[in-house]
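Chemist:
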Amino acid sequence: VAQTVRFPCKYASSGCEITLPHQEKAAHEESCEFRPYSCPCPGASCKWQGSLAAILPHLMHQHKSITTLQGEDIVFLATAIDLPGAVDWVMMQSCFDFHFMLVLEKQEKYSGHQQFFAAVQLIGTRKQADGFAYRLELSGHGRRLIWEATPRSVHEGIAMAIMNNDCLVFDTSVAQLFAENGNLGINVTISKC
Amino acid sequence: RTHRMPKEIRVEPHKFAAELIHRL
Numbered sequence: 001v002a003q004t005v006r007f008p009c010k011y012a013s014s015g016c017e018i019t020l021p022h023q024e025k026a027a028h029e030e031s032c033e034f035r036p037y038s039c040p041c042p043g044a045s046c047k048w049q050g051s052l053a054a055i056l057p058h059l060m061h062q063h064k065s066i067t068t069l070q071g072e073d074i075v076f077l078a079t080a081i082d083l084p085g086a087v088d089w090v091m092m093q094s095c096f097d098f099h100f101m102l103v104l105e106k107q108e109k110y111s112g113h114q115q116f117f118a119a120v121q122l123i124g125t126r127k128q129a130d131g132f133a134y135r136l137e138l139s140g141h142g143r144r145l146i147w148e149a150t151p152r153s154v155h156e157g158i159a160m161a162i163m164n165n166d167c168l169v170f171d172t173s174v175a176q177l178f179a180e181n182g183n184l185g186i187n188v189t190i191s192k193c
Numbered sequence: 001r002t003h004r005m006p007k008e009i010r011v012e013p014h015k016f017a018a019e020l021i022h023r024l
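So, in structure tokens, the structure goes:
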């Protein structure tokens, strides 16, 4: 009986009209567009949840230190990259009538081996994110390091991408090749595909 | 076509994790 009965998605109250057999519920609910969005800021400190439309106001009111730059092609200058410990650099880039959150994170996944992870996430749905591509470029002293990918949606977040190294990854010695006066410039280009 | 220099923004390090400790 359980296999034939169809159950409503747990986000029915938020507007999801889909009903499904029990064994398909979990997978659907994980990617359901009516699932509340969590705060896209890295680090698990902010517990905010809400609708997609409420994310930008939340960032503006609760995370005032995050600055926004207009343009499809910008340079994200992360300062003091030699700061010890787990550190994040976050900014927003607005173009094509969307906001993209750029995150550079320094972490010690393996003890004694600090690495930098850089990724871009769209303040939008997964479907909207699939319509874009982003390009991160480190360049300097005759060297160039480029990563191109599809931005994640804030619905998925970037924690998983960072955990799976599915982003720009480089360690501190590589960072030093491109850094100047302890600052690292990342050229970020967003394009429609 | 002159190559327009992309706009640059200085981003300070942010210890989000520390933000929680700060709030406790």
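Line by line, the protein sequences are chains A and B. The numbers in the first sequence follow this note's numbering, run straight up by one, and end at 193. The numbers in the second sequence follow this note's numbering, run straight up by one, and end at 24. Ideal Cβ placement from N, Cα and C applies to all residues, glycine included.
With DSSP collapsed to three states, give me the class of L56(A).
Modeler: DSSP places L56(A) in helix when its eight states are reduced to three.
Chemist: Could you tell me if A175(A) is buried or exposed, where buried requires 16 or more neighbouring beta carbons within 10 angstroms of its beta carbon?
Modeler: Answer is buried; the Cβ neighbour count reaches 16.
Chemist: Less than 8 Å separating the beta-carbons of C193(A) and A133(A)?
Modeler: Contact: yes.
Chemist: Assign Q93(A) to one of two classes, buried (16 or more other C-beta atoms within 10 Å of its C-beta) or exposed (fewer than that).
Modeler: Q93(A) is buried by the Cβ-count criterion.
Chemist: Run through chain B and tell me which residues come within less than 7 Å of L59(A), C-beta to C-beta.
Modeler: Correct list: empty, because the minimum Cβ distance to chain B is about 13 Å.
Chemist: What do you reckon, are the CB atoms on R135(A) and I123(A) nearer than 8 Å?
Modeler: In this structure, I123(A) does not lie closer than 8 Å to R135(A) by Cβ.
Chemist: What does M101(A) reach in chain B if we use C-beta pairs closer than 7 Å?
Modeler: Result: empty, since nearest Cβ-Cβ is about 12 Å, beyond 7 Å.
Chemist: Does V78(A) have its Cβ less than 8 Å from a Cβ in chain B?
Modeler: The sequence shown places Ala at residue 78(A), not Val. A78(A) counts as touching chain B.
Chemist: What is the residue span of the beta strand (DSSP E) that R35(A) lies within?
Modeler: Looking at the DSSP string, R35(A) is not in any beta strand (DSSP E), and its letter there is neither H nor E.
Chemist: In the structure shown, what three-state DSSP assignment does T172(A) receive?
Modeler: In the structure shown, T172(A) sits in a helix (DSSP, three-state: H, G or I).
Chemist: Can you tell me whether DSSP reads I123(A) as helix, strand or coil?
Modeler: Three-state result, I123(A): coil.
Chemist: By the three-class DSSP mapping on this structure, what secondary structure does E180(A) have?
Modeler: Three-state DSSP puts E180(A) in a strand.
Chemist: Check the DSSP bridge columns for D130(A) and list the partner residues they point to.
Modeler: DSSP lists no partner for D130(A).
Chemist: For the beta strand (DSSP E) containing M91(A), name the first residue and the last one.
Modeler: It spans 87-95 - the beta strand (DSSP E) in which M91(A) sits, taken as one unbroken run.
Chemist: Using only the alpha-carbon positions, how far apart do C9(A) and H22(A) sit?
Modeler: C-alpha separation (whole angstroms): 10 Å.
Chemist: Please report the straight-line C-alpha distance between H61(A) and W48(A), rounded to a whole angstrom.
Modeler: Whole-angstrom Cα-Cα distance: 12 Å.
Chemist: Look up M5(B) in the DSSP assignment and say whether it is helix, strand or coil.
Modeler: Coil at M5(B), not helix or strand.
Chemist: Going by alpha carbons, who is nearest to G50(A) out of P42(A), G43(A), E33(A)?
Modeler: Nearest of P42(A), G43(A), E33(A) to G50(A), Cα basis: E33(A).
Chemist: Grab me the residues of R143(A)'s own chain with a C-beta within less than 8 Å of its C-beta, minus the 5 sequence neighbours each way, in chain order.
Modeler: These residues qualify, in order along the chain: L177, F178.
Chemist: What would DSSP say about E24(A), mapped onto helix, strand or coil?
Modeler: Note: E24(A) maps to helix in three-state DSSP.
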